[in-house]
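520 is the number that UniProt numbering gives to position 520 of the sequence shown; each next residue is one higher, with no gaps. Where is the CB? At the ideal position from N, CA and C, for every residue including glycine. Only a predicted model underlies this, so the values are computations on that prediction, with no experimental measurement involved.
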Amino acid sequence: MGNKVIKGTATGAIALAAFGVASGATVQAEELTKPSTSLSSDVTAPKAHNIKVLDGVLLTKDGAAITTTPTEKTVEEAHGIKQQADQAVTDQAGKVAESAQMEESSQKAVEDATAKVAEAEKNKAAATPDAIAQAEKGVADTQKEIAQNQKASDTAANATQKATDAATTQKQAVEQAQKGVEAGQKAVDTAKKGVDTAKAALEGTGEQKALDEQKAANKGLEDAKNAESDATQKLAAAKKADAERHAQIKDLKNQETTQSKTATDTATDAAAKKATDTAAKADVNTAQKAVETAQAALDGTGAQKVLDEQKAAQKALSAAKTKEVEAAQKLDEAKKADADRDAQIKNLTAKEADQTVAKTDAENALAEAKKNAEAKKAAKEAAEAKRDALRKELDAKKKLSTINVPQYVIDAYKKYLASDREEADKDALQEVFNKWIAEGAYDIERHGNVPIDPSTVDPAHMTREQAKALTQYYAHLITAVRRQFWGTRVKTYTTEEAMDYVQKVAEAYAKENKPWSSGHSHAALAAGERPSSKLTWMSENLSTLRNRTTTMTEMYRFIAGTIIGMMVNDYHSDFGHMSNMLGNEQDDDVIGVASSVTPNGLGRMHYVGFSDKYAGQALPDPYDTTQLEKDLAQAESDFQAALTAFNEANGVLTAKQAASDAAHQALSTTQSELATVRNQALQTPSAEMAHRAAVATRTSAETRKASADKAVANLNASIQEKQVALQKAQAVLAAKEEAAQKAATALREAESKAVEAQQMLNATKAKLAALTGVKDATPAASEALEKATTARKDAQARKDAADKAVANLKASIKEKQVALRTAEQALTAAENNLAVLKASKANEDAKLVAAEQAVAAAKAVEAKLVAERAVLEDKLKDQQNLLAMYKNADKLLGEAVAEYEVASAKHKEAVAKTLEARSKLAELLKDQRDANSQYDAVKKAYEEWVTSKKAAEEKAQALSMRHATKPMTTSKKIRPIIHSSYIYSRADKQLPQTGEKGSWLALIGMEILASLSFGVRRKLGRKG
1 MGNKVIKGTA
11 TGAIALAAFG
21 VASGATVQAE
31 ELTKPSTSLS
41 SDVTAPKAHN
51 IKVLDGVLLT
61 KDGAAITTTP
71 TEKTVEEAHG
81 IKQQADQAVT
91 DQAGKVAESA
101 QMEESSQKAV
111 EDATAKVAEA
121 EKNKAAATPD
131 AIAQAEKGVA
141 DTQKEIAQNQ
151 KASDTAANAT
161 QKATDAATTQ
171 KQAVEQAQKG
181 VEAGQKAVDT
191 AKKGVDTAKA
201 ALEGTGEQKA
211 LDEQKAANKG
221 LEDAKNAESD
231 ATQKLAAAKK
241 ADAERHAQIK
251 DLKNQETTQS
261 KTATDTATDA
271 AAKKATDTAA
281 KADVNTAQKA
291 VETAQAALDG
301 TGAQKVLDEQ
311 KAAQKALSAA
321 KTKEVEAAQK
331 LDEAKKADAD
341 RDAQIKNLTA
351 KEADQTVAKT
361 DAENALAEAK
371 KNAEAKKAAK
381 EAAEAKRDAL
391 RKELDAKKKL
401 STINVPQYVI
411 DAYKKYLASD
421 REEADKDALQ
431 EVFNKWIAEG
441 AYDIERHGNV
451 PIDPSTVDPA
461 HMTREQAKAL
471 TQYYAHLITA
481 VRRQFWGTRV
491 KTYTTEEAMD
501 YVQKVAEAYA
511 KENKPWSSGH
521 SHAALAAGER
531 PSSKLTWMSE
541 NLSTLRNRTT
551 TMTEMYRFIA
561 GTIIGMMVND
571 YHSDFGHMSN
581 MLGNEQDDDV
591 IGVASSVTPN
601 GLGRMHYVGF
611 SDKYAGQALP
621 DPYDTTQLEK
631 DLAQAESDFQ
641 AALTAFNEAN
651 GVLTAKQAAS
661 DAAHQALSTT
671 QSELATVRNQ
681 ALQTPSAEMA
691 HRAAVATRTS
701 AETRKASADK
711 AVANLNASIQ
721 EKQVALQKAQ
731 AVLAAKEEAA
741 QKAATALREA
751 ESKAVEAQQM
761 LNATKAKLAA
771 LTGVKDATPA
781 ASEALEKATT
791 ARKDAQARKD
801 AADKAVANLK
811 ASIKEKQVAL
821 RTAEQALTAA
831 ENNLAVLKAS
841 KANEDAKLVA
851 AEQAVAAAKA
861 VEAKLVAERA
871 VLEDKLKDQQ
881 NLLAMYKNAD
891 KLLGEAVAEY
901 EVASAKHKEA
911 VAKTLEARSK
921 LAELLKDQRD
931 ANSQYDAVKK
941 AYEEWVTSKK
951 AAEEKAQALS
961 MRHATKPMTT
971 SKKIRPIIHS
981 SYIYSRADKQ
991 LPQTGEKGSW
1001 LALIGMEILA
1011 SLSFGVRRKL
1021 GRKG
């Protein structure tokens, strides 16, 4: 598309150039003249040219001359000749560049070859005997360094393997620790769930959720039990399968031992039979020679042959005896070696049995240590949880805010009492109360730490437990206030009887349904009296109470604020409420607190005081920390004892683990040694076979010697004696042949038995290999059972928690509070345990990092040795190359010279080709100039002819028009009817006045350019 754009722009420019000549000028006709055909004086005779010279064209040294007006076809043909010449120059220029590159490459090859010749000459001069000896020494020294490096590398590889094994073991420890953390996190999540459930029960919400959880927990426990049962069955099946496989392995090993002995025995027998067969064949050969010798003696020939045979037989016998002695010695050595092997196997087998027992004992001890450590861990965690819970409870109680009465208030109150409650002292007391208020008397209600209990309470239906909790808190605060006034001897407390009484009082107030202005109701206050008890009320304080549902936490704040209010805002009651609360410095007070709401919605909080004489047994102050501190001290002591026991158990566990690992390693080492010794082949069988063969060879040699001696003795015997000797020799030969035949038969039978025994042994070994290659299923099944048991325990814990949560739904407020505290204690214990597990995991992670660093360090040493080895090998290679170069200096010099000669020849050839290519290019450039000159001349002549012809035609047309319009010249100029700046009358000789200086030809040119530009824009618009 880009090429089209450029082409269009160029066409537009040509159009402007063609038509622009008429701009601002009138068009005039010119006379058409024929171009001159005469030659100038500097035209030379034409020369031969390589291009085609067209008719009417004369090529000169400076260009081309036209002798005949060219046609359009002539121009086209000249253009084609020009293109051919241009292409030929382009093609040849490429060839020149290619040949120049080849010349440059060949020149570099000559330079390289020259350098190699110089180097070879230098090396030949340096290759002295001393230099060769020094090079050989360097090679030997480097080879020694490589050997030392290899030894160090082997050591480093072993160190790396040990470090890797240690890291692998530590990684397993990290994974185990991670499992512990995950289990700990799971316990924390469960404990949090328990806390949430307990809170929901206390708040009176979450009943359906608790029931759903109980249902899900029951289903989960059932599934977990089924999974555990399934895992137990699979473990039993795995143990049975492993036991059966191990029994099969044991049987096959015993069978292998028996078959191995059989195979060895049959192979030994076959070897013996082979020796017998060989000896029998040798005896046949000896007997055959004896027959031949006897026959030759009888015939009177072969005396020398007989003597030579006697000599050879003597030599063979001597050699056989020597080999027999050597075989006997080797047999003794083999028997001794096999005896040592058997003794070693016996010792190692006994050692393996002892170590197997030791391993089992170590495993049992380890299992017991693990069990004990787990029990101690559980005890430690329980003690820690109890301690932490007590500590948390103590901290919470100690953090509870108390009412601290300023001394100036105490002094003013006592003065008020001492003055028989005079008005001035009353006013002074109120002034100090105002001061206390300004200093923050109500801070305990607004910002103080009060007991946290989010459970809801309805003042109209406050439960006995809720009322008792508020009473105990009130008594706790008032006791602290009273002791600031009267000393530590006094206290305020509550009893079950007091709570019963005040509950009846509150119910009576609600039933009376009287307004606040009615004040105290003596009838209601007497409602708690019973005939069986002398308990009656002594005082009552009342405070208004909102009747809306609230939380116990807010009620605790209300109690604290009411106590403050009954002191600082009691002026108009002559501080009677304060007096009821504080009592005197001699007596203990009993208090009961309860709420009432009338049908009309009036809420009251009743604080009824009793004498301690008939009030019954005091209930303990739940906020008193005396006993709690004792319990915490005991819990701390119990935890430290449990921690000590846990650490001791862990120490024992570590020792038992190390002992178990050592027992496993010792047994593994012994089993490896035993396998190595058992894999050592028995030497006696082969030595026995060799000895038997030596004995057979010696026996055969003796037979041959005896036969040779007889033959020599027979040389001087009579004809009759020689005949007898021949007959005996023939009889011996027949006997030997028969014996050889029997030996061959026995050999075939023995070899068949040996092959069969070996095949049976191989089959047993294959079965044994298949069985020993199977991995025991028990470990994986044990791990699966362990996981299933853990899951069952978790499911049981979940079910227990769910059952407790459901049972807790119907429990009392106090019981729910206890349940919540228990859940919070469990959460604290779980969080503490998780923190310990995470710390342990971090410790194991640190150990793993150290182990991995040790592996990295070992690998770095190994890599360093490898790098040094590579350097040494490169050095050795260079030294060996140098030595080879010294030893082959003459040969290498000859090769370098030959290489130089080849490179030089190729360079000369490349230079010649480059010169040829350049010469051809120069010729083609001349042709290109001729073709360009011819084309330019033809094109120019043709364009001049076209221009002159057009001018003549326009001039003729103009003259014709002038004659036709001449009668109208006297009239005024014709004007166009349509008022358009682009329409004009042809009667005018001037161009239309359009406000622009340009001819219609220029306008046409602009339109052409505009159309071309529009086409270009459309093409550009479609791009992409």
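Self-check item: aspartate 574 versus Ala328, Glu103, Ala917, Tyr416, residue with shortest Cα-Cα distance
Solution: Nearest C-alpha to aspartate 574: Tyr416.
Quiz prompt | Segments of 4+ residues assigned as alpha helix (DSSP H) that fall wholly inside the segment 709–755 | solution = The segment 709–755 is shown to contain no whole alpha helix (DSSP H) run of 4 or more residues.
Quiz item: Exposed or buried, which one is aspartate 112 when buried takes at least 16 other CB atoms within 10 Å?
Solution: Exposed: under 16 other Cβ atoms inside 10 Å.
Practice problem: Answer yes or no: do alanine 217 and alanine 830 have a C-beta to C-beta separation smaller than 9 Å? | Solution: In this structure, alanine 830 does not lie closer than 9 Å to alanine 217 by Cβ.
Quiz item: Is it true that the segment 262–273 meets the segment 675–690, where meeting means three or more beta-carbon pairs spaced less than 8 Å apart?
Solution: By the Cβ test, the segment 262–273 is in contact with the segment 675–690, since at least three Cβ pairs between them sit closer than 8 Å.
Quiz item: Hey, out of Val652, Glu629, Thr142, whose CA is closest to glutamate 868's CA?
Solution: The option with the nearest alpha carbon to glutamate 868 is Thr142.
Quiz item: Counting Cβ pairs, one atom from each stretch, are 3 or more of them under 8 Å apart for the segment 635–655 and the segment 329–338?
Solution: Put simply, the segment 635–655 does not touch the segment 329–338. Fewer than three CB pairs are less than 8 Å apart.
Quiz item: Thinking just about the alpha-carbon of each residue, which of Leu348, Thr549, Tyr442 is nearest to the one in valine 457?
Solution: Selected option, being the one with the closest Cα: Thr549.
Quiz item: Looking only at DSSP bridge pairs, what is arginine 604 linked to?
Solution: Per DSSP, Thr544, Ser596.
Quiz item: Just curious, the alpha helix (DSSP H) that alanine 64 is in, first and last residue?
Solution: Counting along the chain, alanine 64 sits inside no alpha helix (DSSP H); it lies in the beta strand (DSSP E) bounded by residues 64–66.
Self-check item: Residues near threonine 33 in its chain [Cβ-Cβ closer than 6 Å; skip 5 each side]
Solution: With a pLDDT of 32 at threonine 33, under the threshold of 50, the predicted position of this residue should be treated as unreliable, and no value is reported.
Quiz item: Terminal residues of the continuous beta strand (DSSP E) containing leucine 417?
Solution: No beta strand (DSSP E) contains leucine 417, which is instead part of the alpha helix (DSSP H) from 407–418.
Quiz item: Skipping 5 residues on each side, what residues in its chain have a beta carbon closer than 8 Å to that of isoleucine 249?
Solution: Closer than 8 Å at Cβ, skipping near neighbours: Leu768, Leu771, Thr772.
Quiz item: If you draw a straight line from the alpha carbon of serine 707 to that of alanine 339, how long is it in whole angstroms?
Solution: Those two C-alpha atoms are separated by around 41 Å.
Quiz item: By the 10 Å Cβ neighbour count, where 16 or more other Cβ atoms means buried, how is proline 967 classified, buried or exposed?
Solution: Only weak support exists for where proline 967 lies, its pLDDT of 47 falling under 50; the coordinates are left without a value.
Quiz item: Nearest CA to the CA of lysine 681: which residue from Val89, Ala337, Ala319?
Solution: The question names lysine, but residue 681 is alanine in the sequence shown. Closest by alpha carbon: Ala337.
Quiz item: Can you tell me the Cα-Cα spacing of alanine 173 and valine 855, whole angstroms?
Solution: One C-alpha to the other measures close to 17 Å.
Exercise. Report the residue from Thr169, Leu348, Ala694, Leu959 whose alpha carbon sits nearest the alpha carbon of threonine 676.
Key: It is Leu348.
Exercise. For lysine 710, count neighbouring Cβ atoms within 10 angstroms of its own Cβ and tell me buried if that reaches 16, exposed if not.
Key: Flag for lysine 710 reads buried.
Quiz item: Within the chosen definition, does the segment 607–627 reach the segment 386–398 through at least 3 CB pairs nearer than 8 Å?
Solution: By the C-beta criterion, the segment 607–627 is judged to be in contact with the segment 386–398, since at least 3 inter-stretch pairs fall below 8 Å.
Self-check item: Straight-line Cα distance separating glutamine 880 from threonine 150
Solution: Contrary to the premise, residue 150 reads as glutamine rather than threonine in this sequence. So the two alpha carbons sit approximately 19 Å from each other.
Practice problem: Could you name the residues of the same chain whose beta carbon sits closer than 6 Å to that of tyrosine 935, not counting the 5 residues immediately before and after it, in chain order? | Solution: Result list for tyrosine 935: Ala78, His79, Lys82, in chain order.
Exercise. Measure from the alpha carbon of lysine 656 to the alpha carbon of each residue in Ser960, Ala428, Leu366, then state which is nearest.
Key: For lysine 656, the closest alpha carbon among the candidates Ser960, Ala428, Leu366 is that of Leu366.
Practice problem: Following the continuous alpha helix (DSSP H) through leucine 348, name the residue where it begins and the one where it ends. | Solution: For leucine 348, the uninterrupted alpha helix (DSSP H) run begins and ends at 303–399, by DSSP.
Quiz prompt | alpha helix (DSSP H) segment containing valine 774, residue limits | solution = No alpha helix (DSSP H) holds valine 774; DSSP gives it neither H nor E.
Quiz item: Thinking C-beta only, is lysine 359 closer than 9 Å to alanine 633?
Solution: Note that the C-beta distance between alanine 633 and lysine 359 is not below 9 Å.
Quiz item: glutamate 540: buried (16+ other C-beta within 10 angstroms of its C-beta) or exposed?
Solution: Glutamate 540 is buried by the Cβ-count criterion.
Quiz item: Where do the ends of the beta strand (DSSP E) carrying leucine 59 lie?
Solution: Note, leucine 59: beta strand (DSSP E), 57–59.
Quiz item: Just how far apart, CA to CA, sit aspartate 189 and phenylalanine 639?
Solution: Looking at the two C-alpha atoms, the distance is approximately 24 Å.
Self-check item: Top-ranked residue by Cα proximity to alanine 97, from Lys940, Tyr942, Lys920
Solution: Taking only the C-alpha atoms, the option nearest alanine 97 is Lys920.
Quiz item: How would you call glutamine 835, buried or exposed, if buried means at least 16 neighbouring beta carbons within 10 angstroms?
Solution: A quick correction: the sequence has alanine, not glutamine, at residue 835. With fewer than 16 Cβ atoms within 10 Å of its Cβ, alanine 835 is classed as exposed.
Quiz prompt | Coarse secondary structure for glycine 519, derived from DSSP in three states | solution = Here glycine 519 sits in coil by DSSP.
Exercise. Taking all protein chains shown into account, decide if glutamine 957 is buried (16 or more other Cβ within 10 angstroms of its Cβ) or exposed.
Key: If you draw a 10 Å sphere on the C-beta of glutamine 957, you find fewer than 16 other C-beta atoms in it, and that means exposed.
Practice problem: On a CA-only basis, which of Ala641, Lys386, Asp500 is nearest glutamate 629? Give me that one, please. | Solution: Closest option to glutamate 629, Cα to Cα, is Lys386.
Practice problem: With DSSP as the reference, label proline 967 as helix, strand or coil. | Solution: With a pLDDT of only 47 at proline 967, under 50, the local geometry of the prediction cannot be trusted, and the value read off the model is given with reservation. Proline 967: helix per DSSP, three-state reduction.
Quiz item: Quick one: Cα of alanine 693 to Cα of alanine 729, how far?
Solution: So the two alpha carbons sit approximately 25 Å from each other.
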